[in-house]
Amino acid sequence: MDKTELTEKQKILMEKLADAEMVLVGIGEEFNESFTDINKFPKLMSALEEVDINPLLEWTVPFLEKRYLLEHNDGRLIEAYKRLYELIKDKNYFIITTCIDENIKKAAFDLERLVEPCGNYKMFQCSEKCCTKLYPAEEFSNLVNQAILDGVGLDSLEIPKCPVCGKPLAFNNILCERNYVEEGYQPQWEKYTKWLQLTLNKKLCVLELGVEMNLPNIIRWPFEKAAYYNKKASFFRINGSLYQMTEELSDKGISIGMNAIDFLYGCQ
């Protein structure tokens, strides 16, 4: 896609956003944190080296990842979120993200208009899913953080245990695979579905950003359906590789073959 075509599509997007009564945003795999800058944090690197030496400490890796996410507040990814916020901040919007890293919360989005169906690092669950109870993870995460800062060694920590069955606790996100407790995001999902019902016959702008085919039932297919049944909808699919538009949406959809982070970074 040449610069002229990109500029034209950016212009159309801005016009549709300006005219929209409601904006539906889906954020997918292109926004997943890559952890490529972890070498910028020496104490965190030291902790990871400790894990390499002692495989029994592998259970601490998710906590080290969370620590990185807390410290890493710059770069194109965070700036892309901030630019997205500027595009939609005055609109009636709702955002679905399959990312679990919570980087989106580093922009000023209304968290009541955000749902994370793949979970995040905020709560614990039983790793064996003996029940659906969730537990705040902040206190133990702070203990890990302090151990990293003090350099006392991760082996000074004990694995957090489920109060019900005694099995290890894990962060309540999709990395638990078949044991993932989905009750954590359900209240926000209910808000989203009610909001989505109100989009019918409204000028809806659907913005699909970096969504691939790992979990198409969360964003890809439902977004296509929402746009298809709404005669006033516009649909934008922005992706570095999977940008092709379905035939059913060819009259109202625009595909942009570009990494979604790079695209947003270029929006002023």
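Number 268 marks the last residue of the sequence shown (the working numbering); no jumps.
From the three backbone atoms N, C-alpha and C, an ideal C-beta is built for every residue, glycine too.
Which residues bound the alpha helix (DSSP H) around residue i?
i: Gln188; result: Gln186 to Gln197
i: Phe94; result: That residue, Phe94, is in no alpha helix (DSSP H); its beta strand (DSSP E) goes Asn92 to Thr97.
i: Leu48; result: Pro42 to Ile53
i: Ile148; result: Glu138 to Asp150
i: Trp221; result: Arg220 to Tyr228
With a 10 Å radius around its C-beta and 16 neighbouring C-beta atoms as the bar for buried, classify residue i as buried or exposed.
i: Phe35; result: exposed
i: Asn54; result: exposed
i: Arg76; result: exposed
i: Ser141; result: buried
i: Asn120; result: buried
i: Gln125; result: buried
i: Leu24; result: buried
i: Lys16; result: buried
i: Ala147; result: buried
i: Leu200; result: exposed
i: Met14; result: exposed
I'd like the span of the beta strand (DSSP E) that includes residue i, first residue to last.
i: Ala208; result: Note that residue 208 is Glu in the sequence shown, not Ala. Its beta strand (DSSP E) spans residues Leu204 to Leu209.
i: Ile104; result: Run containing Ile104: none; DSSP gives neither H nor E here.
In this structure, what does DSSP give as the bridge partners for residue i?
i: Ala170; result: Gln125
i: Met22; result: Asn92 and Leu204
i: Ile254; result: Phe236
i: Lys161; result: Pro168
i: Tyr135; result: Phe124
Helix or strand or just coil, what does DSSP make of residue i?
i: Asn239; result: strand
i: Leu111; result: helix
i: Asn120; result: strand
i: Ile27; result: strand
i: Ile78; result: helix
i: Ser34; result: coil
i: Asn259; result: coil
i: Pro62; result: helix
i: Gln244; result: coil
i: Leu215; result: coil
i: Cys267; result: coil
i: Tyr68; result: helix
Report whether the distance from the Cβ of residue i to the nearest heavy atom of the ligand HEM is below 7 angstroms.
i: Ile96; result: This structure lacks the ligand HEM; in fact it carries no ligand of any kind.
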